[in-house]
Structure formats: structure tokens, C-alpha cells
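Residue numbers (UniProt numbering), protein chains in the order written: chain Y, 1 to 233; chain D, 1 to 293.
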């Protein structure tokens with residue numbers, strides 16, 4: 001499905017990702033975690049083509065997406081929910097979803113499928129997205145990405161700043177996505193909040209992949225989280 | 001003439017000024033809002049529109065309306081093509097860097113100005129109005145063409161508003177304006193949006209110039225005044241805010257026109273510049289500041 005091989009990424013002269021290698025299987029939900037500055041968001045941006053790889057490659061279903069311009073990556077089937085949601089806050093809910101449909105969505109069926117996952121949005125279609133609550137904004141950001149009908153969905157810290165009930169709703173949505181066969185990479189510092197919805201957890205440190213373990217292994221030994229994310233994560 | 005009719009005349013003249021200024025400033029604001037490029041050459045696109053209008057009208061035979069209509073279609077297309085070439089050859093190569101594009105568009109200003117001087121000469125060139133209908137008020141007569149300028153500019157504004165708010169391309173432009181990176185992450189070809197917006201901004205200035213050229217004549221130095229007034233409007237209205245631009249253009253255009261009739265054009269410019277200084281001190285984001293990432 002997704003294969004990342006020896007990826008090097010830089011911001012100017014500062015190297016952020018160092019020979020990173022990672023794979024995601026079809027329908028798998030992978031949690032990507034690590035301390036601040038480990039390179040999690042940079043990896044998301046690199047997959048989207050928003051940060052260019054200086055070495056290595058990213059292959060999605062046989063297509064080398066790291067060689068594509070950024071606007072072609074979503075067309076290849078990658079949906080992105082950025083950190084902080086980054087909605088077009090001056091646009092309405094409907095307009096945000098229309099943007100999601102533009103790249104490769106099937107129009108109405110794709111929209112209906114996204115709304116079915118987040119029914120509250122149906123009541124807010126004409127509302128300016130910047131006026132939604134934090135949880136609703138996160139739902140809209142996910143629905144917007146799902147309008148693309150992605151094969152792979154990237155979620156960058158989707159629970160950030162949300163209250164517990166909303167975190168539970170997001171976790172349920174991720175679990176529901178799994179049932180549809182979409183592969184998901186979920187960046188999350190609070191691994192325990194999403195552990196029930198993921199298959200594996202990948203620990204990033206200084207731009208390198210340190211370890212990948214199954215969710216079951218973490219449930220059996222929670223100290224693994226402390227080792228890579230820190231106490232009080 | 002007594003004060004009342006004098007005020008009416010000043011208002012009507014101010015409305016002509018405001019209409020043309022709204023279109024010109026809207027082009028500048030659109031380019032800044034979407035691309036974050038301060039286009040110092042915007043006034044030269046206005047000048048090029050006027051000079052092209054004279055050239056096209058001078059080629060057309062028959063009734064003046066034929067030449068005018070040909071100019072109204074042809075001049076914006078010529079200017080749009082020049083803007084598109086400038087975007088591809090200059091701005092894109094600079095990756096739309098805000099500082100570098102200011103310097104580059106200053107260079108473009110001189111290139112366009114000198115090209116117009118070389119190919120069209122230094123003389124002011126008249127373009128005949130498409131019709132010579134005169135509106136007769138009890139106190140004075142007024143050009144029917146000037147009323148047409150107001151109506152045509154109003155129609156253009158409505159068209160631009162409809163494109164921005166009701167069409168797919170308008171949605172793409174607004175999304176790009178708000179967040180370029182996220183727009184790319186949803187498959188939007190930002191480079192194409194930028195090219196289209198830069199050309200459209202220049203074409204708006206060209207349409208404004210074609211409308212005004214039967215009143216003020218085409219000249220290779222005529223771009224500086226619209227540039228100054230457009231910057232005043234865009235700063236007062238809020239950088240990148242189209243609503244603010246329209247409101248500020250109406251206020252500045254009307255006051256400029258009216259003060260020019262009652263006092264002098266120089267005083268109008270002085271007051272406009274003071275207003276900009278006041279807005280920059282009190283409300284630096286403009287009266288209706290836009291929002292973007």
C-alpha cells in the first residue's frame with residue numbers, strides 16, 4: 001500500500017527526517033508518535049509533497065508519489081487532515097466539503113458517505129466553518145479529506161485541544177474508517193487515547209523510526225509509550 | 001451655479017471617478033489577496049489598457065461605437081496576455097516572494113512605461129466615446145457616456161462578485177487566498193490560480209482604462225495616478241479584502257471627485273494620503289481587514 005524508503009527531508013540546512021523507512025498495509029491504521037520535533041508532521045507533509053524529499057522515495061500502490069507535484073498527490077488517493085485542522089474558515093461547511101470533492105471525489109455519493117460518518121455537519125452546511133466548535137471543526141476537516149475518497153488518510157493530531165467526549169467521537173470515526181478499508185496514518189502524542197482504534201504504533205525519534213509495535217504489545221506493556229514519548233505524554 | 005446643483009455635479013463626477021477606481025483597485029486587491037504580491041506595475045496595466053484601446057479604436061472603421069466595443073474586448077485581452085507573460089517569466093521564477101516581487105514589479109512598471117513611449121509616442125491620444133447622448137438637468141447638461149461608465153463598472157463589479165461567490169473557480173480562488181498549502185493538499189493547482197488571478201487583476205484595470213479613456217485620453221504616464229489611488233483604497237479597505245476595497249474605492253473616489261470639483265485635485269490627493277496615514281496608525285489591517293494564512 002504505502003512504502004517509505006530511506007526518506008531524508010530538510011528545512012533549509014536542518015535535517016528533520018533521516019533515512020526514514022516505514023510501510024502501511026491496506027486497511028491498516030498506524031499510529032505515529034514521538035516527542036515534539038521528532039519529525040511526525042514533517043513526515044505527513046513529505047507524504048503530501050508539501051515538504052520535498054532530498055533522498056529516498058514514497059510509493060503508494062506502485063506510484064512514486066514523492067516524485068509528483070503536491071497538487072497531484074491527493075489525486076493519487078491521499079487525504080490529509082493537517083495539524084490544527086486548517087479549515088478554510090471564511091468558507092462555509094458546504095464550500096469546504098466542495099473543495100474536498102474537487103480532486104477526485106465522485107460528487108454526491110462521496111459527500112453523502114462523508115456526512116454519514118459525521119451527521120452533525122448536515123445541519124451546519126451553510127455555516128461559516130470558522131464559527132464551528134473545535135470538535136465540529138475536526139469532524140469537518142476529516143469529512144473534507146474523506147470527500148477525496150482516499151486510499152490513505154493522514155490525520156495529524158486530530159484530538160489536539162478537544163474535550164474527552166469529542167476525542168471518543170474521533171476515535172470511533174477512525175475505527176469506522178477502518179471498516180471501509182481506508183488505510184490511516186494517525187499522528188498522536190496521546191497514544192492511549194487512540195490505542196483501541198489502531199493496529200500498530202510507530203515511534204519516531206530525531207527523524208528516525210525507532211520501533212514499530214502492535215497495539216496489543218503496548219496494551220501489555222504501557223512502559224513502551226513512556227520510553228519514546230516521555231512521562232506524562 | 002448655486003450650491004445644490006454644484007454639489008450634484010460634483011457627486012456625479014465623483015461617482016465616475018469612484019467607478020473606475022473601484023475596478024482598478026479591485027484588480028490590485030485581488031492580486032494581493034490571493035497571491036500576496038504587491039503589484040507596483042498595476043497602474044501600467046491600466047495605462048496599457050488605455051493605450052491599447054486607442055490603438056484598437058484607431059484601426060476600426062465606421063461608427064465610434066464599433067472601435068469602442070472592439071477596444072472593450074481587445075484591450076483587456078492584450079493586457080491579460082502581457083500580465084500572464086509577466087507572471088510566468090518573472091513572478092513564478094521568484095516563487096512569488098513578497099519582497100522580490102515588489103522590486104520585480106517596479107522593473108515591470110518601467111519596462112511597460114518605456115515600451116508604451118517607444119511604440120505609441122509621448123502624445124496624449126483621444127478615443128471617441130461610443131455615443132454622444134447628453135443628459136439635460138434643469139441646471140446643467142451632463143454626458144450620458146459618464147452615466148454609462150458608472151453603469152458598466154457596476155455591472156462588472158456584480159460579475160466579479162458572482163464569479164467569486166457562485167462559481168467553482170471563485171471557490172478555488174478564495175480557498176487559495178485563505179491557505180495556499182492546504183489548497184495544494186486538496187489538488188488545487190496553485191500556480192494556475194496565481195496566473196489566472198494576476199491576469200484577471202490586470203484585465204480589471206484595463207477595463208477601467210477603456211471606460212475612462214474617452215473622457216481622459218491615453219498617455220504613457222497615465223498609470224501613476226490610478227496606482228497611487230488604488231494603493232490608498234486597498235490600504236484603507238484592508239489588504240486583500242474585496243468588500244473593503246469596494247467601500248474604500250467609493251469613499252475615496254467620491255471624495256476625490258467632489259473635492260477636485262469644489263477645491264483642487266491636489267487637495268484631494270493630500271487628504272487621501274492623510275487618511276491612509278490615519279488608518280495605518282489607528283487600524284493597520286484596514287477598515288475591513290482580510291484574513292489568510
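Glycine included, every Cβ here is placed at the ideal spot set by N, Cα and C. Model, not experiment: these values are computed from the prediction.
- In terms of beta-carbon proximity, residue 88/Y lines the interface with chain D, with at least one pair separated by less than 9 Å.
- Against residue 71/Y, the close residues of chain D are 184, 187, 188, 189 and 190, in the order they occur along the chain (beta-carbon pairs closer than 8 Å).
- In this structure, residue 240/D and residue 33/D form a Cβ contact; the two beta carbons are roughly 3 Å apart against a cut-off of 8 Å.
- Going by C-alpha positions, residue 8/D is about 27 Å away from residue 127/D.
- Counting only runs of at least 3 residues, the region 117–182 of chain Y fully encloses the following beta strand (DSSP E) elements, listed from N- to C-terminal order: 152–156.
- For residue 192/D, the enclosing alpha helix (DSSP H) covers residues 190–216.
- Looking at the backbone, the Cα of residue 189/D and that of residue 29/D are separated by about 21 Å.
- Taking a beta-carbon distance threshold of 9 Å, residue 106/Y does not count as an interface residue toward chain D.
- Inter-segment contact for the region 51–69 of chain Y and the region 208–222 of chain Y is absent: fewer than three beta-carbon pairs are separated by less than 8 Å.
- Cβ-Cβ distances below 8 Å link residue 91/Y to 99, 128 and 129 in the same chain, with the five nearest sequence neighbours on each side left out; the list follows chain order.
- The secondary-structure analysis by DSSP pairs residue 3/Y across a beta bridge with 23/Y and 59/Y.
- Between residue 16/Y and the set 229/Y, 145/Y and 7/Y, the nearest pair of CA atoms involves 7/Y.
- Note that the C-beta distance between residue 116/D and residue 48/D is below 9 Å.
- For residue 172/D, the nearest CB of chain Y lies under 9 Å from its own CB, placing it at the interface with that chain.
- If you check the CB distance, residue 257/D and residue 109/D do not come in under 9 Å.
- When rounded, the separation of the alpha-carbon atoms in residue 36/D and residue 98/D is 7 Å.
- Per DSSP, residue 135/D is one residue of the beta strand (DSSP E) stretching across 134–136.
- Taking the beta carbon of residue 50/Y as reference, the chain D residues within 7 Å of it are 181, 184 and 185, listed in sequence order.
- Distance from the CA atom of residue 164/D to the CA atom of residue 158/D, rounded to whole angstroms, is 10 Å.
- The C-beta of residue 178/D comes closer than 9 Å to at least one C-beta of chain Y.
- Assignment of residue 71/Y by DSSP, reduced to helix, strand and coil, places it in the helix class.
- Those residues of the region 5–20 of chain Y placed with their C-beta closer than 8 Å to a C-beta in chain D do not exist.
- For residue 32/Y, there is no enclosing alpha helix (DSSP H); the residue is found in the beta strand (DSSP E) stretching over 29–34.
- If the five residues before and after residue 288/D are omitted, its C-beta is found closer than 7 Å to the C-beta atoms of 237, 238, 241, 243, 244 and 247, all from its own chain and listed in chain order.
- Spanning the alpha carbons of residue 269/D and residue 156/D requires a straight line of approximately 26 Å.
- The DSSP-derived three-state label of residue 141/D is strand.
- Of the other Cβ atoms in all chains shown, 16 or more fall within 10 Å of the Cβ of residue 171/Y; this residue is therefore buried.
- Straight across, the Cα-Cα distance linking residue 267/D with residue 175/D is about 40 Å.
- For secondary structure counted as the alpha helix (DSSP H) over 4 or more consecutive residues, the region 38–101 of chain D holds these complete runs in sequence order: 42–59 and 64–86.
- The C-alpha of residue 50/D lies about 22 Å from the C-alpha of residue 234/D.
- Counting along the chain, the unbroken beta strand (DSSP E) around residue 203/Y starts and ends at 200–205.
- Contact between the region 100–114 of chain Y and the region 153–166 of chain Y is absent, with fewer than three C-beta pairs closer than 8 Å.
- Secondary structure at residue 17/Y: strand, using DSSP grouped into helix, strand and coil.
- Taking a beta-carbon distance threshold of 9 Å, residue 100/Y counts as an interface residue toward chain D.
- The DSSP-derived three-state label of residue 89/Y is coil.
- In this structure, residue 80/Y lies near residue 44/Y, with their beta-carbon atoms less than 9 Å apart.
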